[in-house]
Amino acid sequence: MAIFTKSIFSRSDGASRAALGRLERSVMEVLWTRGESSVREVAKKLGRPLAYTTVMTTLDRLYKKNLLERRKEERAFLYAPRVTRNDWERRRADELFAEFLGGPRPSRDLLVSCFVEAAGQYDEALLDELEGKIRMKRKELERRRGR
Amino acid sequence: MILPYAARLVCLCFASFFLLHGFLGLAAWMSAPAATRAGECMSPRTAARMLFSLRMLPAILAAAAVAALCVPSYLRLEGNTAGERVGLWCCAAAILGLAICADSLVRAARAMWITASHSFRCKRGAQLVQNSTTGAQIVVMDSESSLVALTGMIRPKIVISRAVFGALSSDELDAAVEHERAHSKSHDNFKRLLLALAPEIFPFSRAFRALERSWARYREWAADDESVGGDSRRSLALASALVRVARMGTAPVPPLASSLHDANDELSARVERLLGAKKRVETVQRRNVMFATAAAAIATGCLALALQPFTLYSVHVLLERFIR
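For the record, the sequence lines run as chains A and B. With positions in the first sequence counted from 1, the corresponding number in our numbering is that position plus 2. With positions in the second sequence counted from 1, the corresponding number in our numbering is that position plus 21.
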């Protein structure tokens with residue numbers, strides 16, 4: 003599953019605009035948490051020593067991907083997220099679905115089996131039925147022991 | 022490409038491993054559905070053992086052939102110690118061989134990392150409790166999730182979340198603990214690591230996924246059988262524990278851990294099996310000794326044959342053709 007996910011999210015073509023690298027994702031997290039921020043403020047909040055220009059380039063790339071909007075204040079740009087975290091997650095999920103459902107049959111089967119695993123929830127009716135069978139078996143055993 | 026003596030040997034080893042493993046892996050992959058069906062006529066323990074061997078055999082046999090044939094024949098008979106040209110096909114096969122080995126190593130390392138992190142999280146704020154009936158030590162994890170699992174490979178520990186610990190009756194808890202102890206006795210977590218380490222036929226493919234799932238299912242059944250030992254009361258207690266834990270939802274389990282609910286879709290089948298459980302008498306110990314003796318005899322015979330001058334010469338001629 004991880005292999006498939008990686009291959010999808012590392013694509014850089016136009017169809018996969020929601021695909022983000024690790025640094026881009028961290029920058030988006032900062033902006034979703036803080037709101038509108040300057041390059042210097044984002045760099046300070048990233049929690050790892052990164053060059054000012056690296057952060058500036060990353061923000062510019064996100065702006066070109068249409069994920070950020072910016073306005074000029076004095077001589078610096080202020081960046082703000084154009085999409086909410088929820089919208090972005092949904093877009094990412096849509097792409098993942100489209101990729102899997104458009105793919106070969108094993109990929110689709112894999113997706114379904116992963117969902118079954120991830121959900122990990124059992125049908126209540128089935129559990130009731132199984133519990134009923136256990137109760138009956140227990141009574142039967144007790145009856146046998148009583149004889 | 023011109024390669025020196027040692028680099029040629031490495032290249033030949035990876036290329037031969039890839040070809041042999043690919044051939045044997047393909048045979049194992051094709052026979053997997055039939056083996057899974059055949060497993061239904063055996064005891065779950067034997068079936069699990071057969072499927073595990075089928076999954077591991079391509080890698081073991083390919084590695085053994087490279088170590089026992091390719092390396093000695095090259096070291097003994099390759100006279101040219103200077104650089105020599107290696108063909109494109111040989112290089113490509115060597116790269117693919119390296120890739121399948123690297124892929125499996127990365128997969129195993131990742132699985133170990135996830136499992137170790139999970140174990141670390143489980144132990145945080147956990148309480149060690151000794152089960153009064155079985156005498157087993159249980160790590161009671163401070164969590165509301167529904168987890169009953171065996172984590173760790175060298176000294177595995179039974180981990181139960183506080184929610185499950187409180188919800189199960191003493192009979193159900195004993196049955197669940199015995200189930201995890203059965204996994205521990207069979208070294209199932211270590212086997213999971215070996216499965217992760219076993220290379221795929223091609224890099225980044227998951228051709229053996231179905232086979233590994235079947236193995237996991239039979240392992241669960243075997244652990245069920247071993248934990249109840251044919252006792253109807255214990256069978257009922259385990260079935261009841263399974264349903265009760267399932268009702269609480271299932272917590273995510275790391276890849277190298279065995280959980281009470283490993284094969285989620287098999288709950289119904291497992292409960293039905295437990296309700297119809299009969300005393301099973303197995304002569305596993307005796308069979309194990311016979312199997313080990315036969316395997317040792319075959320391996321010795323193969324090694325003796327492999328080290329014959331004629332065999333090594335034939336292999337060397339083959340490798341010479343392959344390298345060009």
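Even for Gly, the Cβ is constructed at its ideal location relative to N, Cα and C. Here the structure is a predicted model, which means the values were calculated and not measured.
Check, Outcome
"Local Cβ density within 10 Å of B:L96, reported as buried at 16 or more and exposed below that", "exposed"
"Runs of alpha helix (DSSP H) lying entirely within the stretch 46-87 of chain A, each at least 4 residues, in chain order", "54-66"
"CA-to-CA distance, B:S182 to B:F44, given in whole angstroms", "45 Å"
"Own chain partners of B:H204 with C-beta closer than 6 Å, once the 5 adjacent residues on each side are dropped", "L171, A244 and S279"
"B:I344: first and last residue of the uninterrupted alpha helix (DSSP H) it sits in", "P330 to I344"
"Cβ distance (whole Å) where B:S125 is taken to contact B:E221 below 8 Å", "7 Å"
"Buried or exposed (CB count within 10 angstroms, at least 16 for buried), B:Y334", "exposed"
"Assumed close pair B:V169, B:A147 - CB separation to whole angstroms, cut-off 8 Å", "No, B:V169 and B:A147 are not in contact; Cβ-Cβ is about 14 Å, not under 8 Å."
"Three-state secondary structure assigned by DSSP to A:V32", "helix"
"Alpha carbon of B:G46 to alpha carbon of B:L40, nearest angstrom", "10 Å"
"Where B:R268 meets chain A, residues with beta-carbon distance less than 9 Å", "Y124, E126, L129 and E133"
"B:V302 versus B:R66: straight-line alpha-carbon distance, rounded", "Here B:V302 scores only 47 on pLDDT, less than 50, and its place in the model should not be relied on; the value that follows carries that caveat. The alpha-carbon atoms of B:V302 and B:R66 are separated by roughly 12 Å."
"Chain-order list of residues whose beta-carbon lies under 7 Å from that of B:M174 (same chain, five-residue window excluded)", "N210, F211, L214 and L277"
"A:L143: contacting residues in chain B (beta-carbon distance under 8 Å)", "S253, R254 and L257"
"Residues of its chain near B:G108, where Cβ-Cβ distance is below 7 Å and the 5 sequence neighbours each way are ignored", "I344 and R345"
"Under the three-state DSSP convention, the category B:T172 falls into", "strand"
"Contact with chain B by A:R140, beta-carbon distance below 8 Å", "yes"
"In DSSP terms, what B:E105 is bridged to", "B:L24"
"Between the CA atoms of A:R93 and B:I23 - distance to the nearest angstrom", "50 Å"
"Short Cβ contact (8 Å threshold) for A:R63 with A:E26", "yes"
"B:R128 versus B:R29: straight-line alpha-carbon distance, rounded", "28 Å"
"Run of the alpha helix (DSSP H) containing B:I222, from where it starts to where it stops", "Neither: B:I222 is in no alpha helix (DSSP H) and is coded neither H nor E."
"Interface partners of B:S94 on chain A, CB under 7 Å", "Going along chain A, no residue has its Cβ under 7 Å from B:S94, so there is no contact; the nearest lies around 36 Å."
"Extent of the continuous beta strand (DSSP E) run through A:M138", "It is not in any beta strand (DSSP E) - A:M138 instead sits in the alpha helix (DSSP H) that spans E126 to G148."
"Cβ neighbours of A:L85 in the same chain (closer than 8 Å, five flanking residues each side left out)", "In the sequence as presented, Leu is not what sits at residue 85 of chain A; that position holds Val. Same-chain partners within the cutoff: L69 and R93."
"Nearest-angstrom Cβ-Cβ length linking A:R87 and A:L80, presumed shorter than 8 Å", "Contact doesn't hold; Cβ gap of about 19 Å is too wide."
"Nearest-angstrom beta carbon gap, B:E193 and B:R265 [assumed within contact, 8 Å]", "6 Å"
"Counted within 10 angstroms of its Cβ, other Cβ atoms place B:F141 as buried (16 or more) or exposed", "exposed"
"Sequence-distant residues of its chain with Cβ nearer than 8 Å to B:N346 (five each side left out)", "Here chain B comprises residues numbered 22 to 345, so residue 346 of chain B is not present and cannot be evaluated."
"8 Å Cβ cutoff, B:S261 in contact with chain A", "yes"
"Listed by chain order, chain A residues near B:S289 by CB distance under 7 Å", "L128 and L132"
"Classification of B:W242 by the beta-carbon crowding that lies within 10 angstroms, buried from 16 upward", "buried"
"Range covered by the alpha helix (DSSP H) that runs through B:L72", "P65 to A86"
"Nearest-angstrom beta carbon gap, B:V185 and B:S167 [assumed within contact, 8 Å]", "5 Å"
"Cutoff 8 Å: B:L218 Cβ touching any chain A Cβ", "no"
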